[in-house]
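J.: Protein chains in written order, with the numbering used here: chain V, 1 to 498; chain E, 1 to 155.
Sharing a structure here in structure tokens format.
Quick look at the structure:
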């Protein structure tokens, strides 16, 4: 009997290795797939029945015998579970379905179709496909990917680079980790296509050290890709491209592209002033594409199904789909890939089923530690770049972290400042000193000093306008959104003291 | 990453440098490999690295001290990393880590006097949908409780 038991880190964190070992001991053939993204059901074991894969979860070692005998209660066909059935999976089409390290299964599920098409195109045509897809950088800034690539393509140099920013360290985001662990060839294929488009022959994946499982899977996948000429002489086309994994060393700021470049060069990961743009003077001073994992992993499906197909999803200038990561205090947490435009409240209440604690939802933080808090009053905001900007937030890596009514919003604002102080690279004063002063100012507010509130607002303005990069520049988002939407929590201490 | 200290072997340091020095931007891979081999980046390894890369020891110190991962002394035999990021906080990580630290008599970044356990904060393991999360000796754990963590590291 063949069973699928995910090797995704979240599944492992919930006991998947023990469950897989128990199936093996019972004589079953075990495939370690990626995660389907329904984390509350992990480890989600799948068994083939009448042509469909039926799910059991959250599975424990005690369930193994019952699953093998067919007496355990199943969740039915996995792809019909409502959370899964409601998605539009493009980037994540294979994640969970296949063995991540089987190139044959990758190809059987649409893999390498895009690369073969791209190999028949000129660089300029590849860029045109990217431009018409409307894909914007999924790492946070939302810059059009095709335009970034074109700048690198038109730059004249003997060596260009494709760098994958896999240093996504935003709390509430795990899409990068999931795709690297669940469909690593997809990222490799995307990077090869990017290399063909801009004329680069070398790629680096800068992968955070906090993801040991992703590092292991990516390294194995690169080795398999080399043995099968996906890397090297790309599909025997005489186009060269190779990839190397580089492991970060625990610095959040290295997710900022210029810090990342310094880190990759072996320097302190401090921010570089722009210009020059990395597209013109990036890694070792050469033209460099720096894209996040999801941006690059979305490239293959754009070439497989066509730019028009991809662009037909979405809302306004937010084209395509977004893998939204729902986490924190939530009943059904996981990865939900959908076209841009779904209202935030639908994600939190309908898709995720509200809080795990059963208490009322108080706020959700969208876009990582630098993202704004959204109170339920703002839940009608459509999930897309411009509407979120208009509502005083950002979608960032599209992490949605849910808090129930026990959350201490002044405490969360203080944590945002504390985090910025710990992780600041130190190059610019507003971030380096502003964050330390921010913690002190919030402590004064907590102790009842009302004069500290205008000071905090002023400090946030200075950090926003004066910081060199998004770490100092965006820390005011969580702080100010907490202050504006939960003013009573910033005044309680004062009233108590009076 | 080996949590135990190994005596510094100059030949091994030199071999690690040689394996990496041809790479573009070799310093971080060298430091990671040194730390894997010796449990930390020992002071005695600094001069040969600086020499091989033609950088000053001051520059090297700047890099080593910038990154949270690199240690100048080996960690305890067990390393417990507890996530302090927002998604874990939403599921009670603050109270949970407080309990663990109190029970072990440690603050963040500290090691028990017998060298058995080091506790460190970590900011996101990507396990935000099964929070709170932790990592013990490189192995990930989801939906952890203080009791479960203590049972594992300090039975």
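Note that the Cβ used here is the ideal one computed from N, Cα and C, for glycine as well.
Reducing DSSP to helix, strand and coil, say where residue 342 of chain V ends up.
T.: The count along the first chain starts at 1 and reaches residue 342 of chain V at position 342. Reduced to three states, the DSSP call for residue 342 of chain V is coil.
J.: Give the interface partners of residue 125 of chain E over in chain V, defined as CB-CB distance under 7 Å, in chain order.
T.: Along the second chain, one-based indexing puts residue 125 of chain E at 125. 210, listed in chain order.
J.: Could you check where the beta strand (DSSP E) with residue 207 of chain V kicks off and where it finishes?
T.: For the purposes of this step, residue 207 of chain V is taken as residue 207 along the first chain, with counting starting at 1. Unbroken beta strand (DSSP E) run through residue 207 of chain V: 202 to 207.
J.: Which chain V residues are close to residue 32 of chain E, counting only those with a beta carbon under 9 Å from its beta carbon?
T.: Residue mapping note: residue 32 of chain E aligns to position 32 of the second chain, counting from 1. What residue 32 of chain E touches in chain V: 209, 247 and 249.
J.: What did DSSP end up calling residue 89 of chain V once you bin it into helix, strand or coil?
T.: The sequence position of residue 89 of chain V within the first chain is 89, counting from 1. Note: residue 89 of chain V maps to coil in three-state DSSP.
J.: Among E/93, E/95 and E/120, which has the Cα closest to the Cα of residue 106 of chain E?
T.: Here residue 106 of chain E is taken as the residue at index 106 of the second chain, counted from 1. Among E/93, E/95 and E/120, the Cα nearest to that of residue 106 of chain E belongs to E/120.
J.: Give the list of continuous alpha helix (DSSP H) stretches no shorter than 4 residues that lie fully inside the region 32 to 75 of chain E.
T.: Runs of the alpha helix (DSSP H) inside the region 32 to 75 of chain E: 46 to 53 and 57 to 66.
J.: Using 7 Å as the threshold, is the C-beta distance between residue 502 of chain V and residue 407 of chain V below it?
T.: Nothing can be reported for residue 502 of chain V, as the shown portion of chain V is limited to 1 through 498.
J.: Keeping to the same chain, check which residues put their C-beta closer than 7 Å to that of residue 380 of chain V; ignore five residues upstream and five downstream.
T.: For the purposes of this step, residue 380 of chain V is identified with residue 380 of the first chain, where counting begins at 1. Excluding positions up to five away in sequence, the list reads 343 and 345.
J.: Anything in chain V within Cβ reach of residue 143 of chain E, meaning under 9 Å, just list it in chain order.
T.: Residue mapping note: residue 143 of chain E aligns to position 143 of the second chain, counting from 1. Correct list: 13 and 14.
J.: Can you tell me where the beta strand (DSSP E) holding residue 412 of chain V begins and where it ends?
T.: Looking up residue 412 of chain V in the first chain gives position 412. Premise fails: residue 412 of chain V lies in the alpha helix (DSSP H), 409 to 423, not in any beta strand (DSSP E).
J.: How far does the alpha helix (DSSP H) with residue 451 of chain V in it reach, from first residue to last?
T.: Here residue 451 of chain V is taken as the residue at index 451 of the first chain, counted from 1. Looking at the DSSP string, residue 451 of chain V is not in any alpha helix (DSSP H), and its letter there is neither H nor E.
J.: Is there a Cβ from chain E that is less than 7 Å from the Cβ of residue 329 of chain V?
T.: The residue you call residue 329 of chain V lines up with position 329 of the first chain. Interface residue, yes.
J.: Please confirm if residue 28 of chain E has its CB atom under 7 Å from at least one CB of chain V.
T.: Indexing the second chain from 1 puts residue 28 of chain E at position 28. Taking Cβ atoms only, chain V reaches closer than 7 Å to residue 28 of chain E, which makes this a yes.
J.: What does a CB cutoff of less than 8 Å around residue 283 of chain V pick up in its chain, not counting 5 residues either side in sequence?
T.: The residue you call residue 283 of chain V lines up with position 283 of the first chain. For residue 283 of chain V, where only same-chain residues beyond five positions count, the Cβ hits under 8 Å are 161, 163, 204, 261, 264 and 265.
J.: Should the region 222 to 234 of chain V be regarded as contacting the region 136 to 147 of chain V, the criterion being three or more beta carbon pairs within less than 8 Å?
T.: No: the two stretches stay apart, fewer than three of their Cβ pairs being nearer than 8 Å.
J.: Give, in chain order, every residue of the region 32 to 60 of chain E whose Cβ lies closer than 7 Å to some Cβ of chain V.
T.: Of all residues in the region 32 to 60 of chain E, 32 have a Cβ within less than 7 Å of some Cβ in chain V.
J.: Residue 122 of chain V: buried (16+ other C-beta within 10 angstroms of its C-beta) or exposed?
T.: Taking the first residue of the first chain as 1, we reach residue 122 of chain V at position 122. Per the 10 Å Cβ criterion, exposed.
J.: Just the Cα atoms here: how many angstroms apart are residue 79 of chain V and residue 314 of chain V?
T.: Counting from 1 along the first chain, the entry for residue 79 of chain V is found at position 79. Counting from 1 along the first chain, the entry for residue 314 of chain V is found at position 314. Answer to the nearest angstrom: the Cα atoms are 22 Å apart.
J.: From the beta carbon of residue 79 of chain E, is the nearest beta carbon of chain V less than 7 Å away?
T.: As a working note, residue 79 of chain E is residue 79 in the second chain. No - not a single Cβ of chain V is within 7 Å of the one on residue 79 of chain E.
J.: Using the beta-carbon count (16 or more within 10 Å), is residue 285 of chain V buried or exposed?
T.: Position 285 of the first chain, counted from the first residue, corresponds to residue 285 of chain V. Under this definition residue 285 of chain V is an exposed residue.
J.: Measuring straight from C-alpha to C-alpha, what distance separates residue 130 of chain E and residue 275 of chain V?
T.: Numbered from 1 along the second chain, position 130 holds the residue referred to as residue 130 of chain E. Numbered from 1 along the first chain, position 275 holds the residue referred to as residue 275 of chain V. Spanning the two alpha carbons is a distance of roughly 41 Å.
J.: Mind checking if residue 91 of chain E is an interface residue toward chain V, Cβ cutoff 7 Å exclusive?
T.: Along the second chain, read from residue 1 onward, the residue named residue 91 of chain E stands at position 91. It does; some Cβ of chain V falls within 7 Å.
J.: Beta strand (DSSP E) containing residue 477 of chain V: first to last residue?
T.: On the first chain, position 477 is the one that residue 477 of chain V refers to. Segment 476 to 485 is the alpha helix (DSSP H) holding residue 477 of chain V; no beta strand (DSSP E) there.
J.: Check the Cβ of residue 43 of chain V against every Cβ in chain E and list those closer than 8 Å, keeping chain order.
T.: Residue numbering aside, residue 43 of chain V sits at position 43 when the first chain is read from its first letter. What residue 43 of chain V touches in chain E: nothing, since even the nearest Cβ is about 10 Å away.
J.: Please list, in chain order, all residues of the same chain as residue 439 of chain V whose beta carbon is under 7 Å from its beta carbon, the five residues on each side excluded.
T.: On the first chain, residue 439 of chain V is found 439 positions in, with the first residue counted as 1. Only 414, 417, 418 and 421 meet the Cβ criterion.
J.: Going by other Cβ atoms of all chains shown within 10 Å of its Cβ, with 16 needed for buried, is residue 76 of chain V buried or exposed?
T.: In the first chain, the residue the question calls residue 76 of chain V occupies position 76. Counting Cβ neighbours within 10 Å, residue 76 of chain V comes out exposed, since fewer than 16 surround it.
J.: Would you mind working out which of V/404, V/388, V/221 and V/475 sits nearest residue 102 of chain V, comparing C-alpha positions?
T.: Numbered from 1 along the first chain, position 102 holds the residue referred to as residue 102 of chain V. For residue 102 of chain V, the nearest C-alpha among the options comes from V/221.
J.: Residue 265 of chain V versus chain E: which residues are under 7 Å apart at the beta carbon?
T.: To locate residue 265 of chain V, count along the first chain from 1; it is residue 265. Going along chain E in sequence order, the residues near residue 265 of chain V (Cβ under 7 Å) are 25.
J.: With a threshold of 7 Å between beta-carbons, can residue 86 of chain E be considered close to chain V, or not?
T.: Here residue 86 of chain E corresponds to residue number 86 of the second chain, with the count starting at 1. Closer than 7 Å: yes.
J.: Using 10 angstroms around the beta-carbon of residue 138 of chain V, count the other beta-carbons present and answer buried if the total reaches 16, otherwise exposed.
T.: By one-based count along the first chain, residue 138 of chain V stands at place 138. Residue 138 of chain V should be labelled buried.
J.: For residue 33 of chain E, I'd like the list of residues in its chain whose CB is within less than 8 Å of its CB, leaving aside the five on either flank, ordered along the chain.
T.: Mapped onto the second chain, residue 33 of chain E falls at position 33. The answer, listed in chain order, is 16, 19 and 20.
J.: Assuming residue 270 of chain V and residue 57 of chain V are in contact, meaning their beta carbons sit under 8 Å apart, how far apart are those beta carbons, in whole angstroms?
T.: If you number the first chain from 1, residue 270 of chain V lands on position 270. If you number the first chain from 1, residue 57 of chain V lands on position 57. Between residue 57 of chain V and residue 270 of chain V the Cβ distance is about 44 Å, and since that is not below 8 Å, they are no contact.
J.: Just mark residue 116 of chain V as buried or exposed, buried being the case when its beta carbon has 16 or more other beta carbons within 10 Å.
T.: Translated into positions along the first chain, residue 116 of chain V becomes position 116. Label assigned to residue 116 of chain V: exposed.
J.: If you compare alpha carbons, which of V/369, V/243, V/299 and V/82 is closest to residue 412 of chain V?
T.: As a working note, residue 412 of chain V is residue 412 in the first chain. Considering only alpha carbons, the answer is V/369.
J.: Hey, quick one: how far does the alpha helix (DSSP H) through residue 186 of chain V stretch, first residue to last?
T.: Numbered from 1 along the first chain, position 186 holds the residue referred to as residue 186 of chain V. Unbroken alpha helix (DSSP H) run through residue 186 of chain V: 184 to 198.
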